[in-house]
Amino acid sequence: MALRTSSRSELPSFMVMDVLEKAERMTALPKPLLRLEMGQPSSPPPKAALDALIKHTHDVSAHGYTLSRGTIELTEAIARHYKRWYDLDIKPEQVLVTVGSSLGFMMAFLTCFEAGDKIAMTSPGYSAYRNLMLSASLEPMLIDINAKDNWRLTVASLEQLDPIPDGLIIASPANPTGVVMTSDELAAICKWCEANGVRLISDEIYHGISFDKTDTCAMQYSSSVLVMNSFSKYFAMTGHRIGWVIAPDDLVDPLERLAQNCFISANTLSQIAATAALDDPSTYQEMDSYVERYRVNRDFLLDRLPKELLGQFPYPEGGFYIYADTSGLSNNSVELTDIFLNELYIAATPGLDFDDAAGHLAMRLSFAGSTEDMAEAANRLTQWVQSRR
Ligand SMILES: Cc1ncc(COP(=O)(O)O)c(C=O)c1O
603 MALRTSSRSE LPSFMVMDVL EKAERMTALP KPLLRLEMGQ PSSPPPKAAL
653 DALIKHTHDV SAHGYTLSRG TIELTEAIAR HYKRWYDLDI KPEQVLVTVG
703 SSLGFMMAFL TCFEAGDKIA MTSPGYSAYR NLMLSASLEP MLIDINAKDN
753 WRLTVASLEQ LDPIPDGLII ASPANPTGVV MTSDELAAIC KWCEANGVRL
803 ISDEIYHGIS FDKTDTCAMQ YSSSVLVMNS FSKYFAMTGH RIGWVIAPDD
853 LVDPLERLAQ NCFISANTLS QIAATAALDD PSTYQEMDSY VERYRVNRDF
903 LLDRLPKELL GQFPYPEGGF YIYADTSGLS NNSVELTDIF LNELYIAATP
953 GLDFDDAAGH LAMRLSFAGS TEDMAEAANR LTQWVQSRR
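Just so you know, the sequence shown maps onto residues 603 to 991 in the numbering used here.
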């Protein structure tokens, strides 16, 4: 008799990871493969982190477990980071170090919600939120955002939700749109959540990568918000898998118990490296120089990409993605992504990963790589589009 698998396991795949796998398996190519699919910096981690890794590699204690909430040193360094960046007073006890922010989302869902609860998020939006909700038996409520509202989440659209959701997850800068909320927009959303008893989860993983606006932490306007962040983006330590949650006091113990049982503790050596990175002022100069390169890359692509890719797209104010409008080229973004991969040797992510309804007409291009790669990608795309005009 065939044994069953749970309905919770019937998740859509995280398409970007499927593209990554296809890309990694491509060998003996006539041209270098350009990796515009993954949202990961192509530059090394902060020097302070690398030095700490070398210095502590032979410490036996760097290879054991840590406290489930993270090392005391790292939670204290994260608390100092909030003072430095946002002038916010966070207690180190409110910080929980997680395995990437990815696991933090699952922990937040399991801690805050009951099976069947409804959690709102934007569409397009980061697909792992929706997929993880499904595996936690939660119901995603998708809020459509598009060119008409300038791709912005508004309180007016929250007010139309029926029923009022149990939770709302937001991201600024947003993936894939690159929209950065103003502090007024964020304040209004926090206020609406508090007034309606909606648990807010604020994904701030792209903080530090905003080109013209200041990133505001949702804790400034809400005492019940869970703030999610990570060393993966601004700090260019993606593979170390260190994220964190800042939780309101009443959620700290439940989250810690979940961490104890789920993963015991995050990678110890990586926590040591992350602590060294946060505390060294040179880190911010190094990482800001990467952000400057992302800005150059963005401007370069917006200038050079063929107009067929830049119809109604959101202007990337932060993060490192262009959510290109491919409606002039194809009505199937998965097929188009395959063509780009197999014929142009450009890996990109189909819009369907972010939006079930309209994502067949969009594609996400990451500009976190080198400016040379962006130039080469723009050339290949332009030639290909010209050959079809
Ligand atoms: C919006 C957003 N949140 C969370 C994550 C997860 O990142 P990590 O688990 O590396 O912290 C990503 C990764 O791309 C992301 O784009």
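No residue lacks a Cβ here, since even glycine has one placed at the ideal position from N, Cα and C.
Within the same chain, show all residues whose beta-carbon is closer than 8 angstroms to that of residue i, passing over the 5 residues directly before and after it, in chain order.
{"i": "A730", "result": "F616, S704 and F707"}
{"i": "D763", "result": "The amino acid at residue 763 is misidentified as Asp; the sequence shows Leu. Here the set comprises A722, M743 and I745."}
{"i": "G799", "result": "I766"}
{"i": "A664", "result": "H658, T870, L871 and I874"}
{"i": "T994", "result": "With the chain covering only 603 through 991, there is no way to say anything about residue 994."}
So is the beta-carbon of residue i under 7 angstroms away from any non-hydrogen atom of ligand 1?
{"i": "N777", "result": "yes"}
{"i": "S832", "result": "yes"}
{"i": "T840", "result": "yes"}
{"i": "D653", "result": "no"}
{"i": "I807", "result": "yes"}
{"i": "Y925", "result": "no"}
{"i": "G845", "result": "yes"}
{"i": "Y728", "result": "yes"}
{"i": "M722", "result": "Residue identity check: residue 722 is Ala in the sequence provided, not Met. No, the Cβ of A722 stays beyond 7 angstroms of every heavy atom of ligand 1."}
{"i": "G641", "result": "yes"}
{"i": "G961", "result": "no"}
{"i": "A773", "result": "yes"}
{"i": "G810", "result": "no"}
{"i": "G702", "result": "yes"}
Go through its chain and collect everything with a Cβ distance to residue i's Cβ below 6 angstroms, but skip five positions before and after it.
{"i": "I772", "result": "S804"}
{"i": "D890", "result": "none"}
{"i": "A790", "result": "V757"}
{"i": "Y823", "result": "A789 and C792"}
{"i": "A878", "result": "A650, A651 and A654"}
{"i": "M735", "result": "I721 and P742"}
Find the nearest neighbour of residue i within the set the options, judged by alpha-carbon distance.
{"i": "R686", "options": "L954, M965 and P883", "result": "P883"}
{"i": "S739", "options": "T818, I747 and K720", "result": "K720"}
{"i": "D993", "options": "K693, V662, I680 and D661", "result": "Because the chain is modelled from 603 through 991, residue 993 falls outside the range shown and cannot be assessed."}
{"i": "Q862", "options": "M628, M965, E675 and V701", "result": "V701"}
Among residues of its own chain, excluding the 5 on either side of residue i, which ones have a beta-carbon nearer than 7 angstroms to its beta-carbon?
{"i": "I866", "result": "Y667 and S670"}
{"i": "G913", "result": "D927, S929 and G930"}
{"i": "P916", "result": "W753, T779, G780, V781 and Y925"}
So, does the stretch 899 to 912 touch the stretch 971 to 981, judging by three or more C-beta pairs under 8 angstroms? Yes, the stretch 899 to 912 is in contact with the stretch 971 to 981.
Evaluate the contact criterion for the stretch 857 to 875 versus the stretch 924 to 942: three or more CB pairs, one atom per stretch, below 8 angstroms. Cβ pair count under 8 angstroms is below three, so no.
For the 8 angstroms Cβ check, are there 3 or more pairs between the stretch 755 to 762 and the stretch 802 to 818? Segments in contact, no.
Do the stretch 724 to 738 and the stretch 866 to 873 touch if we need at least three Cβ pairs shorter than 8 angstroms? Put simply, the stretch 724 to 738 does not touch the stretch 866 to 873. Fewer than three CB pairs are less than 8 angstroms apart.
When you compare the stretch 635 to 648 with the stretch 945 to 953, are there three or more beta-carbon pairs, one atom per stretch, that lie closer than 8 angstroms? Touching, yes.
Is the number of C-beta pairs between the stretch 916 to 935 and the stretch 776 to 785 that are closer than 8 angstroms three or more? Touching, yes, given that three or more Cβ pairs across the two stretches are closer than 8 angstroms.
Sufficient close CB pairs (3 or more, under 8 angstroms) joining the stretch 845 to 854 to the stretch 641 to 653: Because the criterion of three Cβ pairs below 8 angstroms is not met, the stretch 845 to 854 and the stretch 641 to 653 do not touch.
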